[in-house]
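Trainee: Heads up: the protein sequence lines correspond to chains A and B, in order.
Counting with our numbering, you get residues 2 to 224 for the letters of the first sequence.
Counting with our numbering, you get residues 2 to 355 for the letters of the second sequence.
Backbone N, C-alpha and C define an ideal beta-carbon position, used for all residues, glycine too.
Predicted model only: the values in this text are computed from it and were never measured.
Mind looking over this structure? Questions follow.
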Amino acid sequence: METEGKHQMADSDHNSRSKLNSTDSTFSDEILKLAQTLMPEPPTIKVKRLVADIADKGIDRQLHELGWKAYDTVVGAANNATNRVFTSPTVGNVLGGAIDLMLRYQRLNAAIAGAFFSALWPAVGLPSASEVESMRGEVRAMREELRDAVAERDSKDDFASELHIAVRESIVNQQADEKSALRESNGGAHAATPAKKSSVYQFSVWSGWPGADPLELSEDVGN
Amino acid sequence: MSAINEIASLWMEGTMRTLDAFRTGFGATMDDPPPATRSRVIYESGLVRLRHYEARGENKKRVPLLLIYSLIKRPFILDLQPGRSVVEYLVKQGFDVYLIDWIPPRSEDKAHGFDEYVNTDIANAVRAIQIYTGVQQISVLGYCFGALLGLMYSALHSGNVKNLVTLTIPLDTSVRQLPIEHLTAAMTSRSAKTIVEMYGNAPAWMIYSFFNTLAPTHHMLDKFVGAYRSSARPGYLDTFKLFERWLHSDVPMAGRIFLETSEMWRENSLMKGTMKIGESIADLTRIAMPLLNVIGDRDDIVNPASSEPLPELVSSDDKQNLHYPTGHMGAAISADSLKRLWPQISNWLSARDD
């Protein structure tokens with residue numbers, strides 16, 4: 002780029018000089034040509050040449066790297082500042098109080114809005130939140146019923162439901178074993194089964210394969 | 002396109018994902034991306050859906066491996082994309098992998114606590130694997146909060162667990178060094194109760210906001226600039242977008258387990274051996290099976306110092322901490338971890354497969 006520019010300038014100098022030397026030009030032309038030749042470079046050309054020089058010397062890459070370094074420093078400083086804020090015990094205490102206050106305010110707000118709108122909605126003929134929620138529940142239940150029905154219809158190999166039943170039987174057997182062991186350890190006297198609040202006894206109905214089959218990918222992809 | 006334009010476009014996409022996450026947090030559902038590894042759901046009950054990924058290759062292992070992932074995000078991070086999937090790697094090493102794909106709790110599941118998750122859901126999943134494979138003891142590998150659940154299960158049902166691997170487990174909650182530890186400590190029991198009283202479950206958007214608050218510069222700017230700077234690397238942007246999708250895959254936390262977790266955090270009760278799950282104490286000294294405790298040395302979510310004490314608390318003879326220079330999620334998705342960390346985990350399990 003720089004060499005090309007130099008050639009162009011040399012050509013232009015050469016042409017001006019050769020024209021200056023020609024005999025068929027008027028005096029005013031000659032003066033104009035001389036002025037053009039002697040006139041300093043326009044600033045844009047100067048800037049272009051400077052940029053070309055910078056590019057040639059790899060300075061733009063250095064500037065680029067310097068820019069990213071500056072960015073990293075600023076981001077690092079911002080991260081450090083955030084970390085300092087969150088690790089300060091004072092900020093922690095203030096934040097804890099603020100979260101609590103905000104939640105209580107939100108709750109109060111929701112209660113007031115609930116009280117106001119629960120009276121308003123029926124008046125304008127709209128359902129209340131609890132009615133919408135109960136409808137949602139019904140829709141959900143219907144969706145599950147439909148899933149069960151589809152699974153029952155589609156599932157030729159009902160292996161999953163068999164496994165489901167097997168797990169249930171295994172749990173029931175284990176509970177029976179635990180009960181008899183407990184009875185034996187208490188000398189045959191009736192002993193209360195330890196209360197379990199866990200939902201070990203709850204079983205959901207097998208609802209079939211959820212969703213479509215996952216995408217199968219060839220084995221040679223990846224690692 | 003100029004750098005500014007590209008970063009702005011990445012930022013805009015990120016903002017759309019954030020808005021989507023808030024939509025999810027308010028009840029909509031967001032689909033997982035297509036999995037890298039084929040699976041089959043073999044069991045579903047309560048809040049557990051059990052996926053089976055069949056072992057490949059000739060060197061098939063005898064002991065099934067159960068992966069337990071955290072409750073607050075979708076587990077597809079473990080099977081993100083071909084070549085960047087823990088599940089795919091393990092399956093190729095000959096492990097029959099079972100993954101607990103937690104079903105997000107609905108409002109009627111707010112009473113689901115540690116007892117229900119550990120003594121019912123995980124217990125039923127293990128029982129299903131036992132019946133399915135005919136193998137009595139399985140290996141359990143838990144990640145983050147999933148590692149806590151796996152640890153609790155192993156303490157309460159030790160007879161069913163042959164090997165235990167815990168990855169980035171937040172065990173010692175008395176450690177106060179990282180911003181997340183201070184921010185968690187700032188949450189009072191009254192605040193936790195108010196959240197549950199107001200919402201039933203801890204909303205996903207709240208959990209999302211909590212994690213984003215910890216690193217605002219990163220989430221608002223730096224990750225997009227980082228994506229631009231690495232965009233020339235082949236496949237980087239695809240992985241970035243999938244990872245972002247996972248970052249926004251927040252799931253609500255059932256009300257009871259949220260309260261119990263916040264109490265456990267304050268009291269450090271699992272570490273102290275005083276935590277009650279159902280009718281029993283989760284006594285870590287009952288853990289006698291081989292234990293591998295993997296710690297990410299650059300983890301800024303779970304402090305390495307919080308995971309380190311685990312081997313001292315169990316009664317296993319065969320136990321060790323495995324330190325690796327990676328971050329919290331890097332352990333699951335970084336190319337380096339898949340090349341160097343997971344082979345170590347796989348070798349450790351293989352050596353205990355008899």
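1) When you compare the CB of residue 310 of chain B with every CB in chain A, is at least one pair closer than 8 Å?
2) Report the neighbours of residue 107 of chain A on chain B: residues whose CB is nearer than 9 Å to its CB, in chain order.
3) Output, in chain order, the set of chain B residues within a Cβ distance shorter than 7 Å of residue 171 of chain A.
4) Using a C-beta to C-beta distance shorter than 9 Å, which residues of chain B count as neighbours of residue 118 of chain A?
5) Can you give me the start and stop residues for the beta strand (DSSP E) that residue 319 of chain B sits inside?
6) Applying the 10 Å Cβ sphere with the 16-neighbour rule, what's the burial state of residue 134 of chain A?
7) Can residue 36 of chain B and residue 246 of chain B be called in contact, C-beta distance under 8 Å?
8) Could you tell me how far apart the beta carbons of residue 193 of chain B and residue 260 of chain B are, in whole angstroms, since I believe they sit closer than 8 Å?
9) Please check if any C-beta of chain A sits within less than 8 Å of the C-beta of residue 91 of chain B.
10) Could you spell out the range, first to last residue, of the beta strand (DSSP E) harbouring residue 239 of chain B?
11) Per DSSP, what are the beta-bridge partners of residue 164 of chain B in this structure?
12) Can you tell me whether residue 45 of chain B is helix, strand or coil according to DSSP?
13) Between the stretch 165-190 of chain B and chain A, which residues of the former have a C-beta closer than 7 Å to a C-beta of the latter?
14) What's the gap between the Cα of residue 94 of chain A and the Cα of residue 177 of chain A?
15) Given that residue 218 of chain B touches chain A, what residues does it touch there, using C-beta distances under 7 Å?
16) Using the Cα positions of residue 305 of chain B and residue 169 of chain B, report the straight-line distance between them to the nearest angstrom.
17) Closer than 6 Å by C-beta to residue 311 of chain B: which residues in its own chain qualify, once you throw out the five before and the five after it? Chain order, please.
18) Starting from the C-beta of residue 420 of chain B, find all residues in its chain whose C-beta is less than 7 Å away, skip the five residues before and the five after it, and write them out in chain order.
19) Determine which residues share a DSSP beta bridge with residue 203 of chain B and list them.
20) Looking only at DSSP bridge pairs, what is residue 294 of chain B linked to?
21) Check the Cβ of residue 113 of chain A against every Cβ in chain B and list those closer than 7 Å, keeping chain order.
22) Counting along the chain, where does the beta strand (DSSP E) carrying residue 130 of chain B start and finish?
23) Please list the terminal residues of the continuous beta strand (DSSP E) segment that includes residue 101 of chain B.
24) Below 8 Å CB to CB, which residues in the same chain sit around residue 97 of chain B once its five sequence neighbours on both sides are set aside?
25) Mapping the DSSP letters down to three states, classify residue 1 of chain B as helix, strand or coil.
26) Determine the chain A residues that contact residue 125 of chain B at a beta-carbon separation under 7 Å, and present them in chain order.
27) Can you tell me whether DSSP reads residue 109 of chain A as helix, strand or coil?
28) Write down the C-beta distance between residue 132 of chain B and residue 162 of chain A rounded to the nearest angstrom, noting that I regard them as a contact closer than 8 Å.
29) Among the candidates B:49, B:38 and B:44, whose CA atom is the shortest distance from the CA of residue 77 of chain B?
30) Which residues in chain A have a C-beta closer than 8 Å to the C-beta of residue 99 of chain B? List them in chain order.
31) Residue 105 of chain B and residue 252 of chain B - do their beta-carbons sit closer together than 8 Å?
32) Determine, for residue 223 of chain B, whether the minimum Cβ-Cβ distance to residues of chain A falls below 8 Å.
33) What are the residues that DSSP puts in a beta bridge with residue 66 of chain B?
34) To the nearest whole angstrom, what separates the beta carbons of residue 58 of chain B and residue 111 of chain B, a pair I think is in contact under 8 Å?
35) Over what stretch of residues does the alpha helix (DSSP H) that includes residue 91 of chain B continue unbroken?
36) I'd like to know whether the C-beta atoms of residue 42 of chain B and residue 126 of chain B end up nearer to each other than 8 Å.
Mentor: Concretely, from the data shown:
1) Your numbering for residue 310 of chain B matches position 309 in the second sequence. By this cut-off, residue 310 of chain B is not an interface position.
2) Start at 1 with the first residue of the first sequence, and residue 107 of chain A comes out as number 106. Neighbours of residue 107 of chain A on chain B, chain order: 195 and 199.
3) Taking the first residue of the first sequence as 1, we reach residue 171 of chain A at position 170. What residue 171 of chain A touches in chain B: 128 and 132.
4) The residue labelled residue 118 of chain A in the question sits at position 117 within the first sequence. What residue 118 of chain A touches in chain B: nothing, since even the nearest Cβ is about 16 Å away.
5) Position 318 of the second sequence, counting from 1, holds the residue named residue 319 of chain B. Premise fails: residue 319 of chain B is in no beta strand (DSSP E) and is neither H nor E.
6) Residue mapping note: residue 134 of chain A aligns to position 133 of the first sequence, counting from 1. That one is exposed.
7) For the purposes of this step, residue 36 of chain B is taken as the residue at position 35 of the second sequence. For the purposes of this step, residue 246 of chain B is taken as the residue at position 245 of the second sequence. No, the pair does not count as a contact, with Cβ atoms beyond the cut-off.
8) Stepping through the second sequence from its first residue, residue 193 of chain B is reached at position 192. Stepping through the second sequence from its first residue, residue 260 of chain B is reached at position 259. Residue 193 of chain B to residue 260 of chain B, Cβ: 6 Å. Contact.
9) Start at 1 with the first residue of the second sequence, and residue 91 of chain B comes out as number 90. Not one chain A Cβ lies under 8 Å of residue 91 of chain B.
10) Residue numbering aside, residue 239 of chain B sits at position 238 when the second sequence is read from its first letter. Careful: residue 239 of chain B lies outside any beta strand (DSSP E), inside the alpha helix (DSSP H) at 237-248.
11) Position 163 of the second sequence holds residue 164 of chain B. Residue 164 of chain B is bridged to B:140.
12) As a position in the second sequence, residue 45 of chain B is number 44, starting the count at 1. Three-state result, residue 45 of chain B: strand.
13) 180, 183, 184, 186, 187, 188 and 189
14) For the purposes of this step, residue 94 of chain A is taken as residue 93 along the first sequence, with counting starting at 1. For the purposes of this step, residue 177 of chain A is taken as residue 176 along the first sequence, with counting starting at 1. Roughly 52 Å between the two C-alpha positions.
15) As a first step, residue 218 of chain B is located in the second sequence; it is residue number 217 there, counting from the start. The answer, in chain order, is 76, 79, 80 and 83.
16) Position 304 of the second sequence, counted from the start, is the residue given in the question as residue 305 of chain B. Position 168 of the second sequence, counted from the start, is the residue given in the question as residue 169 of chain B. If you take the alpha carbons of residue 305 of chain B and residue 169 of chain B, they lie about 7 Å apart.
17) Looking up residue 311 of chain B in the second sequence gives position 310. Same-chain partners within the cutoff: 172 and 294.
18) Nothing about residue 420 of chain B can be reported from this structure: the residues present for chain B run from 2 to 355 only.
19) In the second sequence, residue 203 of chain B corresponds to position 202, counting from 1. Answer is B:254.
20) The count along the second sequence starts at 1 and reaches residue 294 of chain B at position 293. Beta-bridge pairing links residue 294 of chain B to B:167 and B:322.
21) Taking the first residue of the first sequence as position 1, residue 113 of chain A is located at position 112. Within 7 Å Cβ-Cβ: nothing; residue 113 of chain A doesn't reach chain B, min ~14 Å.
22) In the second sequence, counting from the first residue as 1, residue 130 of chain B sits at position 129. From DSSP, residue 130 of chain B is part of no beta strand (DSSP E) but of the alpha helix (DSSP H) over 124-134.
23) Position 100 of the second sequence holds residue 101 of chain B. Its beta strand (DSSP E) spans residues 98-101.
24) Working through the second sequence from its first residue, we reach residue 97 of chain B at position 96. These residues qualify, in order along the chain: 53, 54, 55, 56, 61, 62, 65, 66 and 134.
25) Residue coverage of chain B in this structure runs from 2 to 355, which leaves residue 1 of chain B outside it and unanswerable.
26) Within the second sequence, the letter at position 124 stands for residue 125 of chain B. Under the 7 Å cutoff, chain A gives 168.
27) Residue 109 of chain A sits at position 108 when you count from the first residue of the first sequence. DSSP places residue 109 of chain A in helix when its eight states are reduced to three.
28) Numbered from 1 along the second sequence, position 131 holds the residue referred to as residue 132 of chain B. Numbered from 1 along the first sequence, position 161 holds the residue referred to as residue 162 of chain A. Wrong, their Cβ atoms sit about 13 Å apart, outside the cutoff.
29) Here residue 77 of chain B is taken as the residue at index 76 of the second sequence, counted from 1. Minimum Cα distance to residue 77 of chain B is reached at B:38.
30) Taking the second sequence and counting its residues from 1, one reaches residue 99 of chain B at position 98. What residue 99 of chain B touches in chain A: nothing, since even the nearest Cβ is about 12 Å away.
31) On the second sequence, position 251 is the one that residue 252 of chain B refers to. On the second sequence, position 104 is the one that residue 105 of chain B refers to. Yes, these two residues count as a Cβ contact at 8 Å.
32) Your numbering for residue 223 of chain B matches position 222 in the second sequence. At least one chain A Cβ lies under 8 Å of residue 223 of chain B.
33) Your numbering for residue 66 of chain B matches position 65 in the second sequence. Residue 66 of chain B pairs with B:98 and B:140.
34) The count along the second sequence starts at 1 and reaches residue 58 of chain B at position 57. The count along the second sequence starts at 1 and reaches residue 111 of chain B at position 110. Not confirmed; about 44 Å, so no contact.
35) Sequence index remark: in the second sequence, residue 91 of chain B carries index 90 (1-based). Residues 87-93.
36) Residue mapping note: residue 42 of chain B aligns to position 41 of the second sequence, counting from 1. Residue mapping note: residue 126 of chain B aligns to position 125 of the second sequence, counting from 1. No.
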